[in-house]
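To start, the structure itself, in structure tokens.
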Amino acid sequence: MPVLVMKFGGTSVATLDRIRRAAKRVGVEVAKGYDVIVIVSAMSGETNKLVGFVEETSPLFDAREYDAVVSSGENVTAGLMALTLQEMDVPARSWQGWQVPLMTTSAHSSARIVDIPTDNINRKFGEGMKVAVVAGFQGISSEGRITTLGRGGSDTTAVAFAAAFDAERCDIYTDVDGVYTTDPRICEKARKLDKIAFEEMLELASLGAKVLQTRSVELAMRYNVKLRVLSSFEEQSDEAGTLVCDEEEIMELNVVSGVAHSRDEAKMTLISVADRPGIAAAIFTPLSESGINVDMIVQNISEDGRTDMTFSCPTNQVARAEEALKKAKDAGHINFHDLVADTNVCKISVVGIGMRSHTGVAAKMFKVLSDEGINIKVITTSEIKISVLIDRKYMELAVQSLHDAFDLDKAA
1 MPVLVMKFGG TSVATLDRIR RAAKRVGVEV AKGYDVIVIV SAMSGETNKL VGFVEETSPL
61 FDAREYDAVV SSGENVTAGL MALTLQEMDV PARSWQGWQV PLMTTSAHSS ARIVDIPTDN
121 INRKFGEGMK VAVVAGFQGI SSEGRITTLG RGGSDTTAVA FAAAFDAERC DIYTDVDGVY
181 TTDPRICEKA RKLDKIAFEE MLELASLGAK VLQTRSVELA MRYNVKLRVL SSFEEQSDEA
241 GTLVCDEEEI MELNVVSGVA HSRDEAKMTL ISVADRPGIA AAIFTPLSES GINVDMIVQN
301 ISEDGRTDMT FSCPTNQVAR AEEALKKAKD AGHINFHDLV ADTNVCKISV VGIGMRSHTG
361 VAAKMFKVLS DEGINIKVIT TSEIKISVLI DRKYMELAVQ SLHDAFDLDK AA
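So the sequence shown is numbered by the UniProt record's numbering: it starts at 1 and just counts up by one.
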């Protein structure tokens, strides 16, 4: 039988009624002849509650016990989903990560998937099971300890299962009905995309779009897993949602496919750093070791052997970044005059595979922002993306203006 993977996020299984609704969708696919692997998240809000319990009990917690606690939310959902399907006379059973077993690294709370053996689940399919309900977000290390994959890890679990079982498709059910050209809460002209290329989705996910977890898109692109993003709250058709696929499957490519924004960005500048070989490594190595997620990097022209180095990072990592750099200065690894943090900026990005064959996108983007009186603080580009840092107060204006300028409310 062909295999289909269906993933239901926390809002899609937030109550018993929603679990029943999700189970009915699974039953429809079983009736079509699929063997179905259902990946479930914890019920909405449950993981946050469990994390709170851990932090209240032990502020400096053991990460192994943290994983044991926070992974339990998915176990509850998996059992309830399997029971609901059984009540519908659909042969189903729940699977925890260790029962598959989904093998991971030992990096607790941020483990990586190493292997998903298919023997156990395939044997049960052969014995008449039609649905394997798997607890997402969790696995087991080589030491036999429960691990978790980090926030949004159920998306990654779903794509990994689709790759391991050579599934026909991986359907991600969430509280939105697809991938939009931008955030519809900011721009009412935002349009749902029928299809989007893996690379575009990866950029949008990494730039602030919350629809899919970045690691799940990376996996899907590597193993060419067709992803479909759907709403669990709307009636479905075969053309519903957004298909994330190889760009060769998309007939017409817009020059720009979407505008992404990230509100909680900070711009940090080291003023008057020695301009010498190895200075960049001396700055960014301690940041990396402190887990700082550095994005945009700009170095000024050197003058009198000194230069300024600017980078962006999430606002909640500013204090850690300041501490890491000051320690590096005290240790004599780097020398700078001052460290200035601007936490009132945001990142705006335009993304599109069509940029590869079209010129003028950057000029148009900068002209639009200029016409609105928006000053650009930092610019970075890649083959299919242009990102800028601007004052946060202009975020919504910038998104709306760029969406209009690139005619994203119109299909290609």
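The beta-carbon is built from N, C-alpha and C at its ideal position, and this holds for glycine as well.
All of these numbers come straight from a predicted model, not from anything done at the bench.
Do the stretch 53-71 and the stretch 86-93 meet, that is, are 3 or more Cβ pairs less than 8 Å apart? Judged by Cβ distances under 8 Å, the stretch 53-71 makes no contact with the stretch 86-93, as fewer than three pairs qualify.
So for Arg25, helix, strand or coil by DSSP? Position 25 of the sequence shown, counted from the first residue, corresponds to residue 25. Three-state DSSP puts Arg25 in a helix.
Exposed or buried, which one is Asn254 when buried takes at least 16 other CB atoms within 10 Å? Position 254 of the sequence shown, counted from the start, is the residue given in the question as residue 254. Its Cβ being crowded by 16 or more others within 10 Å, Asn254 is buried.
Continuous alpha helix (DSSP H) stretch holding Arg169: start and end: Translated into the one-based positions of the sequence shown, residue 169 becomes position 169. Premise fails: Arg169 lies in the beta strand (DSSP E), Arg169 to Thr174, not in any alpha helix (DSSP H).
Is the stretch 155-167 touching the stretch 313-332, taking contact as three or more C-beta pairs under 8 Å? No, they do not touch.
Three CB pairs or more closer than 8 Å across the stretch 99-109 and the stretch 146-155: At 8 Å Cβ cutoff, the stretches touch.
Taking only runs that begin and end inside the UniProt domain "ACT" (350-412), name each unbroken alpha helix (DSSP H) of 4 or more residues, in chain order. For the UniProt domain "ACT" (350-412), whole alpha helix (DSSP H) runs of length 4 or above, ordered along the chain, are 361-371 and 395-405.
So, with DSSP's three-state summary, where would you put Glu143? As a working note, residue 143 is residue 143 in the sequence shown. Correct three-state label for Glu143: coil.
N- and C-terminal bounds of the beta strand (DSSP E) containing Pro314: As a working mapping, residue 314 is identified with position 314 in the sequence shown. Start and end: Arg306 to Pro314.
For Ala341, does the three-state DSSP call read helix, strand or coil? Reading the sequence shown from its first residue, position 341 is the one you call residue 341. In the structure shown, Ala341 sits in a strand (DSSP, three-state: E or B).
Which runs of the alpha helix (DSSP H), 4 residues or longer, sit entirely within the stretch 251-315? List check, alpha helix (DSSP H) in window: 279-289.
Give me, in chain order, the residues of the same chain whose beta-carbon lies closer than 6 Å to that of Asp177; leave out the 5 immediate sequence neighbours on both sides. As a first step, residue 177 must be located in the sequence shown, where it is residue number 177. These residues qualify, in order along the chain: Ser231 and Glu234.
Residues near Gly332 in its chain [Cβ-Cβ closer than 6 Å; skip 5 each side]: Indexing the sequence shown from 1 puts residue 332 at position 332. None.
Within 10 Å of its beta-carbon, does Ser370 have 16 or more other beta-carbons around it, so buried, or fewer, so exposed? Numbered from its first residue, the sequence shown carries residue 370 at position 370. Exposed: under 16 other Cβ atoms inside 10 Å.
Neighbourhood of Ile19 by C-beta, 7 Å cutoff - its chain only, sequence neighbours within 5 removed: In the sequence shown, the residue the question calls residue 19 occupies position 19. The beta carbon of Ile19 sits closer than 7 Å to those of Val13, Leu80, Met81 and Thr84, all from its chain and outside the five residues before and after it, given in chain order.
Look at Gly10 and Ser44 and say whether their C-beta atoms are less than 7 Å apart. The residue labelled residue 10 in the question sits at position 10 within the sequence shown. The residue labelled residue 44 in the question sits at position 44 within the sequence shown. In this structure, Ser44 lies closer than 7 Å to Gly10 by Cβ.
Could you tell me whether the stretch 267-276 touches the stretch 346-361, where touching means 3 or more Cβ pairs closer than 8 Å? By the criterion of at least three beta-carbon pairs nearer than 8 Å, the stretch 267-276 is not in contact with the stretch 346-361.
Distance between Gly258 and Arg276 (C-alpha atoms, nearest Å): Within the sequence shown, residue 276 is the residue found at index 276, counting from 1. Within the sequence shown, residue 258 is the residue found at index 258, counting from 1. Computed Cα separation, rounded: 39 Å.
Should Asp155 and Ser216 be called a contact, given that it needs their Cβ atoms to be closer than 7 Å? In the sequence shown, the residue the question calls residue 155 occupies position 155. In the sequence shown, the residue the question calls residue 216 occupies position 216. Taking 7 Å as the Cβ cut-off, Asp155 and Ser216 qualify as a contacting pair.
I'd like to know if the stretch 388-408 and the stretch 175-190 are in contact, where contact means that at least 3 CB-CB pairs between them fall below 8 Å. Touching, yes, given that three or more Cβ pairs across the two stretches are closer than 8 Å.
Report, in whole angstroms, the separation of the C-beta atoms of Lys347 and Glu265, which I expect to be a contact under 8 Å. Residue 347 sits at position 347 when you count from the first residue of the sequence shown. Residue 265 sits at position 265 when you count from the first residue of the sequence shown. With 8 Å as the limit, Lys347 and Glu265 qualify as a contact, their Cβ atoms being about 5 Å apart.
Around the C-beta of Tyr223, are 16 or more other C-beta atoms found within 10 angstroms, so that it is buried, or is it exposed? As a first step, residue 223 must be located in the sequence shown, where it is residue number 223. The residue in question, Tyr223, is exposed, as its Cβ has fewer than 16 Cβ neighbours within 10 Å.
Ser231 bridges to which residues according to DSSP? Reading the sequence shown from its first residue, position 231 is the one you call residue 231. In DSSP, Ser231 forms a bridge with Thr174.
Sequence-distant residues of the same chain with beta carbon closer than 6 Å to Ser94, five excluded per side: Your numbering for residue 94 matches position 94 in the sequence shown. Excluding its 5 nearest sequence neighbours in each direction, Ser94 has C-beta neighbours in its own chain below 6 Å: Ala78, Gly79, Ala82 and Val133, listed in chain order.
Pick from Ile121, Pro101, Ile39 and Thr118: whose alpha carbon is nearest that of Asp171? Counting from one through the sequence shown, the residue named residue 171 turns up at place 171. Asp171 has its Cα closest to that of Ile39, out of Ile121, Pro101, Ile39 and Thr118.
Residues of its chain near Val368, where Cβ-Cβ distance is below 7 Å and the 5 sequence neighbours each way are ignored: Locating residue 368 in the sequence shown gives position 368, counting from the first residue. Excluding residues up to 5 positions away in sequence, Ser401, Leu402 and Ala405 lie with their Cβ nearer than 7 Å to the Cβ of Val368 in the same chain.
Helix or strand or just coil, what does DSSP make of Thr77? Residue 77 sits at position 77 when you count from the first residue of the sequence shown. In the structure shown, the three-state DSSP call for Thr77 is helix.
Is the distance from the Cβ of Val225 to the Cβ of Val159 below 7 Å? Along the sequence shown, read from residue 1 onward, the residue named residue 225 stands at position 225. Along the sequence shown, read from residue 1 onward, the residue named residue 159 stands at position 159. Against a cut-off of 7 Å, the Cβ pair of Val159 and Val225 comes out as a contact.
Looking only at its own chain, which residues have a Cβ that is under 6 Å from the Cβ of Pro184, when we skip the five neighbours before and after it? Counting from one through the sequence shown, the residue named residue 184 turns up at place 184. For Pro184, where only same-chain residues beyond five positions count, the Cβ hits under 6 Å are Ala190.
For the stretch 94-151, list the alpha helix (DSSP H) runs that are entirely contained and at least 4 residues long, ordered along the chain. Taking only runs of at least 4 residues, the alpha helix (DSSP H) segments lying wholly in the stretch 94-151 are 119-126.
Unbroken alpha helix (DSSP H) run spanning Met201, endpoints: Within the sequence shown, numbered from 1, the residue matching residue 201 stands at position 201. In the DSSP annotation of this structure, the continuous segment of the alpha helix (DSSP H) that includes Met201 starts and ends at Phe198 to Ser206.
Tell me whether Gly144 is buried or exposed, calling it buried when 16 or more other Cβ atoms sit within 10 Å of its Cβ. Position 144 of the sequence shown, counting from 1, holds the residue named residue 144. Gly144 is exposed by the Cβ-count criterion.
Taking the alpha-carbon of Gly97 as reference, which of Leu60, Glu127 and Ser141 has the nearest alpha-carbon? Mapped onto the sequence shown, residue 97 falls at position 97. The option with the nearest alpha carbon to Gly97 is Ser141.
Counting only beta-carbon separations shorter than 7 Å, does Phe8 have a partner in chain C? In the structure shown, chain C does not exist; there is a single protein chain.
When we look at the beta-carbon of Ala23 and count the other beta-carbons within 10 Å, is it buried (16 or more) or exposed? The residue labelled residue 23 in the question sits at position 23 within the sequence shown. Buried is the call here.
Val76 vs Leu50 beta-carbon contact at 7 Å: Residue mapping note: residue 76 aligns to position 76 of the sequence shown, counting from 1. Residue mapping note: residue 50 aligns to position 50 of the sequence shown, counting from 1. Not closer than 7 Å, so no.
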